[in-house]
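Trainee: Going by the numbering used here, the sequence shown opens with residue 140, and the numbers climb by one from there.
Even glycine gets a Cβ: it sits at the ideal position worked out from N, Cα and C.
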Amino acid sequence: MNPVSHMAKPIRIIQITDFHLLSDPKRTMMGINTEQSFLAVLQHAWQHSDGVALYLMTGDLVQEPSIATYQRLQERLSCLSIPCYCLPGNHDDPELIRLSMVESNVHYHSQILLDGWQIICLDSTLPGNAGGYLTQNQLDLLEAGLVDQPKRYTIVCLHHSPLPTGSDWLDTMKLSNANEFFKLIKRFPLVKGIVYGHIHQAMDEQFQNLRLLGCPSTCFQFKPDCKDFALDQVPQGYRWIELHPNGDISTDVVRLDTVPQGLDVASSGY
Ligand SMILES: [Fe+2]
140 MNPVSHMAKP IRIIQITDFH LLSDPKRTMM GINTEQSFLA VLQHAWQHSD GVALYLMTGD
200 LVQEPSIATY QRLQERLSCL SIPCYCLPGN HDDPELIRLS MVESNVHYHS QILLDGWQII
260 CLDSTLPGNA GGYLTQNQLD LLEAGLVDQP KRYTIVCLHH SPLPTGSDWL DTMKLSNANE
320 FFKLIKRFPL VKGIVYGHIH QAMDEQFQNL RLLGCPSTCF QFKPDCKDFA LDQVPQGYRW
380 IELHPNGDIS TDVVRLDTVP QGLDVASSGY
């Protein structure tokens, strides 16, 4: 056994997701000031970022896409000395992210190469549709990344959940061609995990030797196992993930101490 690789440390990353920033940072959504709830999570994550290699931001960065809102987000992130990798959610405009998130530590890349691992980021959004779908172009991008790096363990990131959550209303918006996605991934056994946003709740399931990881939002949370839309009265949070040299993944969710001020749990729509 190589003593160096045996002793090697895991790569630690932080996933923060579904900020739903509004064009006016003073406004609220579901009773919450999404700007402040995002900043509270970012601050907590930042204070616990010793040894963190990068932040992963898995979509719904904004609720109201505009150059100005993305630039405001970029200014917040540019204060950090850690690379931030973004991908779009159904509320985002991928082209505006590409145009406006251009700070030196803020990236919109499809493939991130790390020591022994890679992260492949996909765009699962469909214009004008809340549900998810991977176009042939995105599936080709995934396949090319996996073929290109046959010796690296891989996690794949996207916005939409490929698995149902158990909430009927939310599952109408899951990745609609998940079968195609899983069929492709099955050909590459070094893919170890799928990481996503969108579901505004924690999820950690094993499926086909894959770890399927969903994450709380930085603002309002969806109540698990509900037929109709319902908010959960739990604090916002984020997920840390450690990628080990032997291909193992350790992970957990961290939540803040209190629910965001003003949360309107009686909200009836999303
Ligand atoms: Fe969201």
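Tell me the start and end of each unbroken alpha helix (DSSP H) in the region 245 to 287 that is at least 4 residues and wholly inside, in chain order.
Mentor: Listed in chain order, they are 275 to 287.
Trainee: Just the Cα atoms here: how many angstroms apart are His299 and Ile171?
Mentor: Within the sequence shown, residue 299 is the residue found at index 160, counting from 1. Within the sequence shown, residue 171 is the residue found at index 32, counting from 1. Taking the straight line joining both Cα atoms gives about 23 Å.
Trainee: Hey, is Asp371 close to ligand 1, as in C-beta under 6 Å from one of its heavy atoms?
Mentor: Sequence index remark: in the sequence shown, residue 371 carries index 232 (1-based). Flag unset: Cβ of Asp371 not near ligand 1.
Trainee: Which of helix, strand or coil does DSSP assign to His231?
Mentor: Working through the sequence shown from its first residue, we reach residue 231 at position 92. The sequence given here places Asp at residue 231; His does not occur at that position. Correct three-state label for Asp231: coil.
Trainee: Within 10 angstroms of the Cβ of Arg326, are there 16 or more other Cβ atoms? Answer buried if so, exposed if not.
Mentor: Counting from 1 along the sequence shown, the entry for residue 326 is found at position 187. When all chains shown are included, Arg326 counts as exposed.
Trainee: Counting only runs of 3+ residues fully inside the region 337 to 375, write out the beta strand (DSSP E) ranges in chain order.
Mentor: As far as the region 337 to 375 is concerned, its whole beta strand (DSSP E) runs of at least 3 residues are 342 to 346 and 349 to 353.
Trainee: Would you call the region 383 to 397 and the region 156 to 168 in contact, with 3 or more CB pairs under 8 Å?
Mentor: Verdict: no, contact absent.
Trainee: Between Tyr209 and Gln202, what straight-line distance do the alpha-carbon atoms span, to the nearest angstrom?
Mentor: Indexing the sequence shown from 1 puts residue 209 at position 70. Indexing the sequence shown from 1 puts residue 202 at position 63. Taking the straight line from one Cα to the other gives about 10 Å.
Trainee: Report buried or exposed for Thr397, applying the criterion of at least 16 other Cβ atoms within 10 angstroms of its Cβ.
Mentor: Counting from 1 along the sequence shown, the entry for residue 397 is found at position 258. So Thr397 counts as exposed.
Trainee: Between Pro204, Asp231 and Ala369, which has its C-alpha nearest Asp307's C-alpha?
Mentor: On the sequence shown, position 168 is the one that residue 307 refers to. With distances taken between Cα atoms, Asp307 lies closest to Ala369.
Trainee: Identify whether Ile206 lies in helix, strand or coil by the three-state DSSP scheme.
Mentor: Within the sequence shown, numbered from 1, the residue matching residue 206 stands at position 67. Helix, per DSSP.
Trainee: Within its chain, find whatever has a CB closer than 6 Å to the CB of Pro149; leave out the 5 residues flanking it on each side and keep chain order.
Mentor: Along the sequence shown, one-based indexing puts residue 149 at 10. Around Pro149: Glu381, Leu382 and His383.
Trainee: Just to confirm the assignment, what range does the alpha helix (DSSP H) spanning Ala179 have?
Mentor: If you number the sequence shown from 1, residue 179 lands on position 40. Thr173 to Gln186 is the span of the alpha helix (DSSP H), which, as asked, contains Ala179.
Trainee: Could you check if Leu252 is buried or exposed, using at least 16 other CB atoms within 10 Å of its CB as the buried criterion?
Mentor: As a first step, residue 252 is located in the sequence shown; it is residue number 113 there, counting from the start. That one is exposed.
Trainee: With distances taken from CA atoms, which of Phe321, Gln250, Pro301 and Phe320 is nearest Leu314?
Mentor: Locating residue 314 in the sequence shown gives position 175, where the first residue counts as 1. That would be Pro301, whose Cα lies nearest to the Cα of Leu314.
Trainee: Given the structure, does Asp287 come close to ligand 1, in the sense that its CB is under 6 Å from one of the ligand's heavy atoms?
Mentor: In the sequence shown, the residue the question calls residue 287 occupies position 148. No - ligand 1 has no heavy atom lying nearer than 6 Å to the Cβ of Asp287.
Trainee: With respect to 6 Å, is the separation between the Cβ of Asp199 and the closest non-hydrogen atom of ligand 2 below this value?
Mentor: Ligands in the displayed structure: ligand 1; ligand 2 is not one of them.
Trainee: What does Trp379 pair with, by DSSP beta-bridge criteria?
Mentor: The residue you call residue 379 lines up with position 240 of the sequence shown. According to DSSP, Trp379 bridges with Ile153 and Asp391.
Trainee: Answer yes if the region 171 to 186 comes into contact with the region 228 to 243, meaning at least three C-beta pairs across the two stretches below 8 Å, and no otherwise.
Mentor: Contact between the region 228 to 243 and the region 171 to 186 is absent, because fewer than three Cβ pairs lie under 8 Å.
Trainee: According to the Cβ coordinates, are Val286 and Ile259 closer than 7 Å?
Mentor: On the sequence shown, residue 286 is found 147 positions in, with the first residue counted as 1. On the sequence shown, residue 259 is found 120 positions in, with the first residue counted as 1. No, they are not a contact pair.
Trainee: Buried or exposed for Asn229, going by 16 or more other Cβ atoms inside 10 Å?
Mentor: Your numbering for residue 229 matches position 90 in the sequence shown. Asn229 comes out buried.
Trainee: Compute the beta-carbon to beta-carbon distance between Leu352 and Arg378, rounded to the nearest angstrom, for a pair I have assumed lies under 8 Å.
Mentor: Here residue 352 refers to the residue found at position 213 when the sequence shown is read from its first residue. Here residue 378 refers to the residue found at position 239 when the sequence shown is read from its first residue. Contact flag correct, Cβ pair sits at about 7 Å.
Trainee: So is the beta-carbon of Asp157 under 6 Å away from any non-hydrogen atom of ligand 1?
Mentor: Within the sequence shown, numbered from 1, the residue matching residue 157 stands at position 18. Flag set: Cβ of Asp157 near ligand 1.
Trainee: Report buried or exposed for Ala405, applying the criterion of at least 16 other Cβ atoms within 10 angstroms of its Cβ.
Mentor: Taking the first residue of the sequence shown as position 1, residue 405 is located at position 266. Counting Cβ neighbours within 10 Å, Ala405 comes out exposed, since fewer than 16 surround it.
Trainee: Would DSSP call Ala147 helix, strand or coil?
Mentor: As a position in the sequence shown, residue 147 is number 8, starting the count at 1. In the structure shown, Ala147 sits in coil (DSSP, three-state: anything other than H, G, I, E or B).
Trainee: So, helix, strand or coil for Ala405, using DSSP?
Mentor: The sequence position of residue 405 within the sequence shown is 266, counting from 1. Ala405 falls in the coil class under three-state DSSP.
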